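Take a look at the structure below.
Numbering (this note's numbering), first residue to last: 420 to 788.
In structure tokens form, the structure reads like this:
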């Protein structure tokens with residue numbers, strides 16, 4: 420708060436059919452607006468650029484087609500958190516104007532413009548409650564399919580020869596995690612935010628060996644499953660989505676108390692690594708077996724959030740490479756493949772409030788230039 424109390428002026432606009440962002444036809448500056456999410460569903464708009472003096476930030480926020488908000492904030496840089504939680508799976512937009520405003524009686528007038536940003540659109544993420552619902556839908560789906568657990572020997576990863584050459588030559592054999600793409604549900608909280616390495620668990624029903632063909636590259640890295648999937652790691656349920664013929668479950672394997680682990684613990688459903696419906700560790704006095712659920716049209720993928728040293732693992736005889744035939748594109752798409760929105764197993768019910776609302780929050784004096 421700066422120089423006085425905040426002002427909250429709600430105005431219900433019953434006659435308005437649509438609201439548009441202002442100055443869309445005026446020259447827009449390149450000033451990226453970053454969007455950060457914190458549980459439960461609180462969002463912050465920020466940019467790391469810091470000015471010498473305080474600026475007047477006029478923040479126009481559109482919450483789907485239903486609500487429109489205006490916030491006025493003062494500071495040397497953009498760092499503004501919405502004062503309310505947002506509903507999940509909602510398309511939102513934000514646009515910011517930096518300038519000078521004048522208060523005249525009951526009118527707020529924009530006198531000068533320093534920055535007029537482009538509109539940044541984003542979709543709100545699932546909360547833990549939605550992940551619980553998605554988890555239950557996954558269990559319901561599994562019950563409709565003929566499925567059973569079987570022990571697997573390897574987690575495997577298909578990539579191009581160039582990828583593995585770069586890991587070996589340019590990165591001293593260190594396979595580093597990188598940002599998860601937008602494959603799967605667009606509301607998944609891990610999309611574009613969590614670093615990891617994907618491994619497949621799928622095997623041929625007849626041979627119990629990894630699939631003969633690869634859609635992601637001709638070189639396959641096999642890592643002994645029991646080498647990666649160990650008791651002192653944490654496991655989380657992260658997604659269940661449809662790619663038409665096949666449904667996928669994504670689980671995340673994290674090192675305890677790591678950044679990735681804390682991120683997942685706040686946002687996702689935690690699973691018991693020794694007992695869960697997807698992939699678990701079965702221990703005995705003589706061995707550790709990794710049990711994975713296999714069913715018709717169902718595949719389990721593991722996102723491992725730690726770096727792996729290929730040279731070290733090969734030296735320990737816990738991995739090997741194999742060349743495999745390629746099908747399809749032979750590589751992953753840059754942004755992943757979105758889920759099938761029309762899948763009957765994954766319909767989400769959401770309510771909508773049909774009205775527009777403007778809030779003006781001020782942190783400034785009656786006159787601000």
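Built from N, CA and C at the ideal position, the CB exists for glycine as well. Computed from a prediction, not measured in an experiment: that's the story for all the values here.
- Unbroken alpha helix (DSSP H) runs of no fewer than 4 residues, entirely contained in the region 723-748, are found at 729-734, following chain order.
- 615 is the residue among 503, 634, 615, 501 whose C-alpha sits nearest the C-alpha of residue 726.
- Of the candidates 538, 484, 683, the residue whose Cα lies closest to the Cα of residue 452 is 538.
- Residue 585: member of the alpha helix (DSSP H) spanning 580-589, first to last residue.
- Annotation for residue 477: 491, 516 place their beta carbon closer than 6 Å to its own, counting only its chain and skipping 5 residues before and after.
- With respect to residue 620, residue 743 sits apart: the two C-beta atoms are not nearer than 9 Å.
- Our two residues, residue 653 and residue 675, have alpha carbons roughly 6 Å apart in a direct line.
- With contacts defined by Cβ atoms closer than 9 Å, residue 723 and residue 656 do not form a contacting pair.
- In the DSSP assignment, residue 486 forms a beta bridge with 482.
- Across the structure, residue 733 and residue 739 are spaced so that their CA atoms are roughly 7 Å apart.
- If you draw a straight line from the Cα of residue 711 to the Cα of residue 591, it comes to about 32 Å.
- DSSP places residue 562 outside any beta strand (DSSP E); the residue lies instead in the alpha helix (DSSP H), whose first and last residues are 547-562.
- Residue range 678-686 is occupied by the alpha helix (DSSP H) that includes residue 685.
- Looking at the DSSP output, residue 448 sits in a beta bridge with 536.
- Note on residue 629: 16 or more other CB atoms within 10 angstroms of its CB, so buried under the neighbour-count rule.
- Judged by DSSP secondary structure, residue 505 falls outside any alpha helix (DSSP H); it is assigned neither H nor E.
- Excluding the 5 residues flanking it on each side, residue 544 has same chain C-beta neighbours closer than 6 Å at 456, 606, 608, in chain order.
- Per the DSSP secondary-structure output, residue 668 pairs in a beta bridge with 659, 719.
- Spanning the alpha carbons of residue 671 and residue 612 requires a straight line of approximately 13 Å.
- Under DSSP, residue 453 shares a beta bridge with 465.
- Residue 496 is not a Cβ neighbour of residue 462, given a cutoff of 9 Å.
- Cα atoms of residue 536 and residue 700: separation of roughly 51 Å, rounded to the nearest angstrom.
- DSSP places residue 640 within a strand segment (E or B) once states are collapsed to three.
- Within the DSSP secondary-structure output, residue 633 pairs in a beta bridge with 745.
- Between residue 561 and the set 641, 707, 659, the nearest pair of CA atoms involves 659.
- Cβ atoms of residue 669 and residue 714 stay farther apart than 8 Å, at about 16 Å.
- Ranked by Cα distance from residue 502, the first of 532, 488, 511 is 488.
- For residue 611, no beta strand (DSSP E) run applies, since DSSP gives it neither H nor E.
- Per DSSP, residue 566 is one residue of the beta strand (DSSP E) stretching across 566-571.
- With contacts defined as CB atoms closer than 9 Å, residue 564 and residue 442 fail to qualify as a contacting pair.
- In the displayed model, residue 647 falls within a helix according to three-state DSSP.
- For a cut-off of 8 Å, the C-beta gap from residue 505 to residue 460 is around 5 Å, short enough to register as a contact.
- For residue 474, the secondary structure class from DSSP, reduced to helix, strand or coil, is strand.
- Residue pairing by DSSP places residue 440 opposite no residue, since no beta bridge is assigned to it.
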